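Undergrad:
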Amino acid sequence: MNTVYTLDPHYAHLLPFVKEIAVRFHDDATTIHASRNTLKVFKRATGNIVVKSFKVPNIINQVAYSFFRTSKAERSYIHSQQLLQLGIATPRPIAFVEQRRWGLFKQSYYICEHIEYDFEIRAVLNDAAFSDREQIFKAFATFSYQLHEAGVYHVDYSPGNVLINKEGNTYSFNIVDVNRMKFISFTDELRMKNLSRFSASVEDTTRIARYYAHEAGLDPTWATQKLLFYHHKHQAYRQNKRQLKKLS
790 MNTVYTLDPH YAHLLPFVKE IAVRFHDDAT TIHASRNTLK VFKRATGNIV
840 VKSFKVPNII NQVAYSFFRT SKAERSYIHS QQLLQLGIAT PRPIAFVEQR
890 RWGLFKQSYY ICEHIEYDFE IRAVLNDAAF SDREQIFKAF ATFSYQLHEA
940 GVYHVDYSPG NVLINKEGNT YSFNIVDVNR MKFISFTDEL RMKNLSRFSA
990 SVEDTTRIAR YYAHEAGLDP TWATQKLLFY HHKHQAYRQN KRQLKKLS
């Protein structure tokens, strides 16, 4: 297996760990997510780090990642750098590692700093009694507007990928899972489409739409109608996907 890596020079002290990540990943560490991809937190003397191991792609994507497309790990690394340059908070990237066998892409890892956070926005959406809910939604709308104004279209902008810290009476946001991302000029339509995964109810959809409309100078009625439309469309897509999985 041939291993190649890119390491931020600031983290040169982690070079031995990065070079051996394919072996180190199986060491005893705290698993924080295990599904298609696996995330683990490793304790280091200089601070905790997160390693994301991406699932080995099918043969078609192995060919694509070998010759035509950048890997998810590389995109995570590059996009994180771009976000930080734009002033958007995300865990600081450390390195990405790719493994190939006989020239064909097989495995990749993304390594970044571990950040502490108080809760995901998922918790706010799922609990109508969550403390300071209105203020959080207002802050989230402001953050989303700033994200869009910076030209950041996070394809996986969803409840589990927005991390929140409370600092006194204010809230700050970090975004994660950034491998699928575009840097574009937004239309008003795209703004609403990008927000469509966050609403769990008509009431919350309306709140988010109206707070965002206030930030962006949009008509609140139009924004609400559009966000509801895209939210229902996304929910229908998810439902159809679940039905297809049951039939397969």
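Under our numbering, read the sequence shown as residues 790 to 1037, first letter to last. Just so you know, even glycine gets a beta-carbon here, dropped at the ideal spot from N, CA and C. Only a predicted model underlies this, so the values are computations on that prediction, with no experimental measurement involved.
1) Residues in its own chain within less than 7 Å of Arg996 by CB, not counting five upstream and five downstream?
2) Less than 7 Å between the beta carbons of Pro880 and Ile910, yes or no?
3) Roughly how many angstroms separate the alpha carbons of Gly940 and Leu875, rounded to a whole number?
4) Pick out whichever of Asn1029, Gln1028, Arg1031 and Glu978 has its Cα sitting closest to the Cα of Thr1013.
5) Since Leu1016 and Ala998 are thought to touch, with beta carbons under 8 Å apart, how far apart are those beta carbons, to the nearest angstrom?
6) Quick one: grab the DSSP three-state call for Met981.
7) Tell me which same chain residues have a C-beta within less than 8 Å of the C-beta of Leu796, skipping the five on either side of it?
8) From what residue to what residue does the beta strand (DSSP E) around Ile953 run?
9) Which residues does DSSP list as the beta-bridge partners of Phe885?
10) Starting from the C-beta of Lys1044, find all residues in its chain whose C-beta is less than 7 Å away, skip the five residues before and the five after it, and write them out in chain order.
11) By Cβ distance below 7 Å, which residues in the same chain neighbour Arg813 in space, the five residues on each side in sequence not counted?
12) So, His1023 versus Ser990, is the Cβ gap smaller than 7 Å?
TA: Looking at the atomic coordinates:
1) Phe926
2) no
3) 9 Å
4) Glu978
5) 4 Å
6) helix
7) Leu803, Leu804, Val807, Ile883 and Ala884
8) Val951 to Glu956
9) Thr795 and Tyr899
10) This structure cannot settle anything about residue 1044, because the visible part of the chain is limited to 790 through 1037.
11) Phe806
12) no
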